[in-house]
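First residue of the sequence shown? That's 1 in full-length UniProt numbering, and the numbers climb one at a time after it. Here a beta-carbon is modelled for each residue, glycine too, at the ideal position from N, C-alpha and C. Beneath this line is the structure, given in structure tokens, with notes to follow.
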Amino acid sequence: MKDEKLLDMIRESAEEIPIPESLQPQKINEKLQQARGKAEGEKPPEGEEKKRKIRRRGNWYLPAAAVAAMAAVCMLVVGIAGDYGSGSDSVLNTAEAALETAEAEEETSAEESAAGSTQDSSTASGVTGVDAYLTAAADYEEVYEKLRENYQEIEDAAIPHESWNLESAEESAGSSSDGAASDTHEAVEDASDTALMGGEVSQTNVQVEGVDEGDIVKTDGKYIFVMDPDNGVEIVRAEDLARMSTISWETPGTQAYDMYLDGERLAVVAGVSESTLQTPSSSTQWLYEEDVDARLESRDYLEILVYDISDRESPALKGSVELDGSYLTSRKNGDYLYLMSRYDPDLSAEEEERDGYVPLAGGELLPADRIYLPKEESSVGYTYFVVVSVDLQEPEKLADRCAVVTESTDFYVSRENIYVTGVHYGTSQMTNIVRFSYADGQIEPEAGGSVPGVLNDSFSMDEYQGYLRMVTWEWNEGGSSTGLYILDQDLQVTGQITDLAPGEDLKSSRFLGDTGYFVTFLETDPLFSVDLSDPEEPRILGELKIPGFSSYLHFYGEDQLLGIGWEDNASDGRREVKLSMFDVSDPADVQETDKNILENAVYCPGTDQYKSILVLEEQNLLGMAYRTQAPYGSGGARPFEANGTEESATSGYSPSWSASSNNGEYPEPEDYYTLFRYVEGEGFQIVFRCLLNQEEGYGKYDSYEELDSVRGITIGDMLYIVMSRGISAFHLGDTVEKTGSVVW
1 MKDEKLLDMI RESAEEIPIP ESLQPQKINE KLQQARGKAE GEKPPEGEEK KRKIRRRGNW
61 YLPAAAVAAM AAVCMLVVGI AGDYGSGSDS VLNTAEAALE TAEAEEETSA EESAAGSTQD
121 SSTASGVTGV DAYLTAAADY EEVYEKLREN YQEIEDAAIP HESWNLESAE ESAGSSSDGA
181 ASDTHEAVED ASDTALMGGE VSQTNVQVEG VDEGDIVKTD GKYIFVMDPD NGVEIVRAED
241 LARMSTISWE TPGTQAYDMY LDGERLAVVA GVSESTLQTP SSSTQWLYEE DVDARLESRD
301 YLEILVYDIS DRESPALKGS VELDGSYLTS RKNGDYLYLM SRYDPDLSAE EEERDGYVPL
361 AGGELLPADR IYLPKEESSV GYTYFVVVSV DLQEPEKLAD RCAVVTESTD FYVSRENIYV
421 TGVHYGTSQM TNIVRFSYAD GQIEPEAGGS VPGVLNDSFS MDEYQGYLRM VTWEWNEGGS
481 STGLYILDQD LQVTGQITDL APGEDLKSSR FLGDTGYFVT FLETDPLFSV DLSDPEEPRI
541 LGELKIPGFS SYLHFYGEDQ LLGIGWEDNA SDGRREVKLS MFDVSDPADV QETDKNILEN
601 AVYCPGTDQY KSILVLEEQN LLGMAYRTQA PYGSGGARPF EANGTEESAT SGYSPSWSAS
661 SNNGEYPEPE DYYTLFRYVE GEGFQIVFRC LLNQEEGYGK YDSYEELDSV RGITIGDMLY
721 IVMSRGISAF HLGDTVEKTG SVVW
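This is how it looks when you write it as structure tokens:
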């Protein structure tokens, strides 16, 4: 059947499609009642287990009416599934998946009181080396049996499946480095020979110096590369903002996550969701379980695309590799790009259907001996953590690949090791850890272990002189508390401090050499400083209690710690963005030397998206975007736009319109990109502020995603504010002057 005829049939039948009986409200209610019955011990209806067993990953067989219904939502499959990797295989399964989730939640609720952890906190130092924690699979049969065993154990114990609690992304607030004291500072490459006007060229704000991280904006000092996740990459010449070329995604359904710049190579990490509608031939009709007119096949996978950009006007795809799974994070060290993903196996597949439970990596099934299985006492996860490496000089193939059957929630990459952690809930909360070495693209699991509690984010981990330092948070019937653990290379605990900050939530962490800092919060903001010089006996040095809390910590020079977070407004209780500067010259006596609450600032991406922040210590500049919105009925007060004069960040606010003119409604939000300078004894000063809503390259004012995508970069004495639809350029001199803009 030709495509045009098939599409015509779909359009005609789509107008007469009734709601499937299985999705009628009364049927949904019956399913929910069945779920409740299961939770109370009833058996599922006869045939239910069989029906679930015959489902196959990627293939759904559709009667004629359902074909039309699916056609109506195919565009949604392409547009949405890319955001979530392989977590959703078909829009048609959404309703059934939701019902099954409800059933599972009912079962979990009924059994939760009897559920116990398979791992006691006493195992915090009970494993030694990788052999005590992991074993390479002998064959695919062993992999299959372990997956089924772990899945059944989780079902029986009603242990929550924690692999959904991810930030692909990416990570939130502040940490440290490995090596020198400045390791956690912004990684700035030597760009003196590429800078447009000399001086410093800003780079992505990363967690560990020497380990690059992907972002949506990159620059080499002459050109600016801007990635639109849905469409492609714009290449713009910085000198005159001329658009040189556009790289467009070739595959429909592509959703890009991160971008890396490496000399004359540009690497993009993307997710792809493909759906194809196929009709069976007379010779294949017998393969179907019922009479159908068409079959929808879908596949979600990741792709690393590497472009040759030596000719900025004509970039060319140099090579690409594919990987089953959904995106977690990535890093670049040297010539190698490392991609970390989660793969959810199809547990209804039979043992011989290996492509249902073993991920494809580089077009081939991951070899069994590169799949590592946790020991019985170590973990009960049934998803894969997969890490692959690609040499950017040979991007058409994988350099290495490796997987561990384990939950994966947070990640930390030092110069020598990759750490992946997964949360295991039971009678107590535990964080399982696996350490991989990754020198020159070769990935090997080296050790496994666990500590009590859960991490706040990837910045709660830090490697220094062969030791991993971790700050965790746990809660029980007695309340919450924070713990600090130091582990050796075998991931055995060598020292710990527990029961810190009872009743407080862990908000952020930062490490510098032998000293660690972390923030907890309930009503005040205790900033703890910890002496880590003795890995066997860490000790608390000091505790500073101040209002509010810092979500992100960044070392600002040798003796200062910058905090970006929140504090409640004393007059109306609204939480507003807060900048703090701490003097850490004496870790035992940390002092807050200045703070600034940004009036009416109700949202700031930088509090949990550290790559959106611009920090230039040598130039003493801090750049970030935020949203202001006056209280209900106030009419608001628009802050002035600085013209290069160094006014106090708390001054310069003057009413521009009255509450009466706003008819008692919420004022419209206003989004800003602001450059601050910190002057000792005088505090934070505004160097420049740009009202983004007035820039042509800025999208809808009420979109948080739009504000999240704003980046500020500097090339010499030029500031470029990069937005989703364009770039605005400003010269930073005695006054700030806009020199141009470009939109697309």
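Helix, strand or coil at P669 [DSSP, three-state]: Here residue 669 refers to the residue found at position 669 of the sequence shown. The three-state reading of DSSP puts P669 in coil, since its state is none of H, G, I, E or B.
Option in Y720, T674 and A630 with minimal Cα separation from P667: Here residue 667 refers to the residue found at position 667 of the sequence shown. Nearest of Y720, T674 and A630 to P667, Cα basis: A630.
DSSP bridge partner residues for L333 (one or two, in chain order): Here residue 333 is taken as the residue at index 333 of the sequence shown, counted from 1. Reading off the sequence shown, one finds Asn at residue 333, where the question assumed Leu. In DSSP, N333 forms a bridge with Y336.
Neighbour-count burial assignment, G726, 16 or more Cβ in a 10 Å radius: Taking the first residue of the sequence shown as 1, we reach residue 726 at position 726. Looking at its Cβ environment, which holds 16 or more other Cβ atoms inside 10 Å, G726 is buried.
Own chain, CB closer than 8 Å to G466, minus 5 neighbours either side, in chain order: In the sequence shown, residue 466 corresponds to position 466, counting from 1. D488 and Q489.
Where P345 sits in the DSSP three-state scheme: Numbered from its first residue, the sequence shown carries residue 345 at position 345. Of the three classes helix, strand and coil, the one that applies to P345 here is coil, per DSSP.
Straight-line Cα distance separating V405 from V139: Indexing the sequence shown from 1 puts residue 139 at position 139. Indexing the sequence shown from 1 puts residue 405 at position 405. Checking the sequence shown, residue 139 turns out to be Asp, not Val. In this structure, the CA atom of D139 is about 14 Å from the CA atom of V405.
Anticipated Cβ contact below 8 Å, D505 with L522, distance rounded: As a working mapping, residue 505 is identified with position 505 in the sequence shown. As a working mapping, residue 522 is identified with position 522 in the sequence shown. Between D505 and L522 a beta carbon distance of about 7 Å is seen, short of the 8 Å cut, so the two are scored as contacting.
Outcome for S551 when other beta-carbon atoms lying within 10 angstroms are tallied against a minimum of 16: Position 551 of the sequence shown holds residue 551. By the neighbour-count criterion, in which a residue is buried when 16 or more other Cβ atoms sit within 10 angstroms of its Cβ, S551 is buried.
Beta bridge counterpart(s) of D583 as assigned by DSSP: Position 583 of the sequence shown, counted from the start, is the residue given in the question as residue 583. Answer by DSSP bridge pairing, in chain order: Q560 and Q591.
Limits of the unbroken beta strand (DSSP E) element including Y412: Looking up residue 412 in the sequence shown gives position 412. Per DSSP, Y412 is one residue of the beta strand (DSSP E) stretching across D410 to V413.
Burial state of T409, where buried means 16 or more other Cβ atoms lie within 10 Å: The count along the sequence shown starts at 1 and reaches residue 409 at position 409. T409 is buried by the Cβ-count criterion.
Rounded C-alpha distance that separates A316 from G503: Working through the sequence shown from its first residue, we reach residue 316 at position 316. Working through the sequence shown from its first residue, we reach residue 503 at position 503. Rounded to the nearest angstrom, the two C-alpha atoms are 56 Å apart.
Span separating the alpha-carbon of A399 from that of A361: Counting from one through the sequence shown, the residue named residue 399 turns up at place 399. Counting from one through the sequence shown, the residue named residue 361 turns up at place 361. Approximately 11 Å, taken between the alpha carbons.
Beta bridge counterpart(s) of C402 as assigned by DSSP: Position 402 of the sequence shown holds residue 402. Under DSSP, C402 forms a beta bridge with V387.
K332 versus Y260: straight-line alpha-carbon distance, rounded: Position 332 of the sequence shown, counted from the start, is the residue given in the question as residue 332. Position 260 of the sequence shown, counted from the start, is the residue given in the question as residue 260. So the two alpha carbons sit approximately 8 Å from each other.
Check whether G253 and V226 have beta carbons under 8 Å apart: For the purposes of this step, residue 253 is taken as the residue at position 253 of the sequence shown. For the purposes of this step, residue 226 is taken as the residue at position 226 of the sequence shown. Cβ distance not < 8 Å, so G253 and V226 don't count as in contact.
Entirely enclosed beta strand (DSSP E) segments - the stretch 598-639, minimum 3 residues: Residue ranges of uninterrupted beta strand (DSSP E) with 3 or more members, entirely inside the stretch 598-639 and ordered along the chain, are 601-603, 614-616 and 621-628.
Cβ-Cβ distance between C604 and I540 below 8 Å: Within the sequence shown, the letter at position 604 stands for residue 604. Within the sequence shown, the letter at position 540 stands for residue 540. Taking 8 Å as the Cβ cut-off, C604 and I540 do not qualify as a contacting pair.
Segment limits, beta strand (DSSP E) that includes L541: As a working mapping, residue 541 is identified with position 541 in the sequence shown. Boundaries of the beta strand (DSSP E) harbouring L541: R539 to P547, taken from the DSSP string.
Cβ contact (3+ pairs, closer than 8 Å) linking the stretch 575-585 and the stretch 543-561: Under the 8 Å Cβ criterion, the stretch 575-585 counts as touching the stretch 543-561, having at least three qualifying pairs.
Euclidean distance between Cα positions of F582 and E303: Working through the sequence shown from its first residue, we reach residue 582 at position 582. Working through the sequence shown from its first residue, we reach residue 303 at position 303. The straight-line gap from Cα to Cα measures roughly 43 Å.
Which listed residue (Q429, L527, A570 and E322) has its alpha carbon closest to that of L562: What you label residue 562 is simply residue 562 of the sequence shown in a count that begins at 1. Closest by alpha carbon: L527.
Cβ-based burial, E706 [other Cβ within 10 Å; buried from 16]: Counted from its first residue, the sequence shown places residue 706 at position 706. Classification of E706: buried, given that the 10 Å Cβ count is 16 or more.
L491: first and last residue of the uninterrupted alpha helix (DSSP H) it sits in: Numbered from 1 along the sequence shown, position 491 holds the residue referred to as residue 491. Per DSSP, L491 lies in no alpha helix (DSSP H) and is assigned neither H nor E.
Span of the alpha helix (DSSP H), counted from its first residue to its last, around Y704: Within the sequence shown, numbered from 1, the residue matching residue 704 stands at position 704. Y704 -> alpha helix (DSSP H) spans Y704 to D708.
Three or more C-beta pairs below 8 Å linking the stretch 668-684 and the stretch 583-598: These segments touch.
Straight-line Cα distance separating L614 from Q207: What you label residue 207 is simply residue 207 of the sequence shown in a count that begins at 1. What you label residue 614 is simply residue 614 of the sequence shown in a count that begins at 1. Roughly 13 Å between the two C-alpha positions.
Alpha-carbon spacing of S392 relative to A270, whole angstroms: As a position in the sequence shown, residue 392 is number 392, starting the count at 1. As a position in the sequence shown, residue 270 is number 270, starting the count at 1. One point to set straight first is that residue 392 is Leu, not Ser, in the sequence displayed. Each residue's Cα considered, the two are about 16 Å apart.
Integer-rounded CB distance, given that G623 should sit under 8 Å from G712: Here residue 712 refers to the residue found at position 712 of the sequence shown. Here residue 623 refers to the residue found at position 623 of the sequence shown. Right, the Cβ-Cβ distance comes to about 4 Å (below 8 Å), so this counts as a contact.
Cutoff 8 Å; reference S709; Cβ partners in own chain excluding five residues on either side: Mapped onto the sequence shown, residue 709 falls at position 709. The beta carbon of S709 sits closer than 8 Å to those of I216, M723 and S724, all from its chain and outside the five residues before and after it, given in chain order.
Inter-residue Cα distance where the pair is residue 780 and S245: Because the chain spans 1 through 744 in this model, residue 780 falls outside it and cannot be assessed.
Assigned secondary structure, L241 (DSSP; H/G/I helix, E/B strand, else coil): Taking the first residue of the sequence shown as 1, we reach residue 241 at position 241. For L241, the secondary structure class from DSSP, reduced to helix, strand or coil, is coil.
Where the beta strand (DSSP E) through K375 begins and ends: The residue labelled residue 375 in the question sits at position 375 within the sequence shown. Where K375 is concerned, there is no enclosing beta strand (DSSP E), given that its DSSP letter is neither H nor E.
Rounded distance between the beta-carbons of E200 and Q619, thought under 8 Å: As a working mapping, residue 619 is identified with position 619 in the sequence shown. As a working mapping, residue 200 is identified with position 200 in the sequence shown. In this structure, Q619 and E200 form a Cβ contact; the two beta carbons are roughly 6 Å apart against a cut-off of 8 Å.
Bridge-paired residues (DSSP) for S273: Along the sequence shown, one-based indexing puts residue 273 at 273. DSSP lists D300 as partners of S273.
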